[in-house]
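Residue numbers (my numbering): 124 to 364.
Even for Gly, the Cβ is constructed at its ideal location relative to N, Cα and C.
Structure first, then comments.
Below, the structure is given as structure tokens:
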């Protein structure tokens, strides 16, 4: 009949293109060598999706998840649950029972096994670029939430440099029982640094000098227990003098 009906989605695309509407970059790719890509429960309509290697939640804030066993559970309105790892700027979180909230644009993380940090060193590669270095210590046994970006700025068009943000909910720990440290003699049940709850912002472009974890040091009776703050040392470890 020579008639074209324009749907609402076309208007959404146009408004997003000219910066009048927010949008997201989330795409879920499922690739399995054999078997089903997904199963849906008829009890609650949750969809368990297999073969998901990674999901980028924000390209502007550099937030990507890597689901354990490549599985996620997709719920209503793009909410989903997963176990695995989250890269947020210069930080990596690993754990289980993570829950992504699309509306607030955050990930609730009740069981974080550990957090790793990466900083830019003062050494350069052959192209003259400063080399990133992983901080030697991990912060373990954590609980918290990751705010990816402002709820009305999922596309990152506003360029809010304070995101991603992380907030811890309880005490966490830095242990020194690695075999490379005095052959692992400092057992974690007696020798550890307890980190008090804290908040961090600008995980994508943070200043290493801003890292200051306040807490309590227990040293298996070598010293009396005392409060102190962990900072990044010259050898790219978390410590204090």
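Query, Result
"Using beta-carbon positions only, say whether residue 132 and residue 138 come within less than 8 Å of one another.", "no"
"Between the alpha carbons of residue 108 and residue 286, how many angstroms are there, rounded?", "Because the chain is modelled from 124 through 364, residue 108 falls outside the range shown and cannot be assessed."
"May I ask you to report which of helix, strand or coil DSSP gives residue 239?", "strand"
"Using a threshold of 8 Å, state whether the C-beta atoms of residue 195 and residue 182 are closer than that.", "no"
"Under 8 Å, do residue 263 and residue 239 count as touching if we go by C-beta distance?", "no"
"So what does DSSP say about residue 204, is it helix, strand or coil?", "strand"
"Are residue 177 and residue 189 close, meaning C-beta to C-beta below 8 Å?", "yes"
"Given a cut-off of 8 Å, decide if residue 229 and residue 283 are closer than it, judged by their beta-carbon atoms.", "no"
"Within 10 angstroms of its Cβ, does residue 185 collect 16 or more other Cβ (buried), or is it exposed?", "buried"
"Report the residue from 271, 319, 223 and 221 whose alpha carbon sits nearest the alpha carbon of residue 211.", "271"
"Going by C-alpha distance, which of 364, 214, 325 and 250 is nearest residue 261?", "214"
"Quick one: give me the first and last residue of the beta strand (DSSP E) that residue 136 is part of.", "Taken as a continuous stretch (DSSP letters only), residue 136 belongs to no beta strand (DSSP E), being part of the alpha helix (DSSP H) at 131-140."
"With DSSP as the reference, label residue 181 as helix, strand or coil.", "strand"
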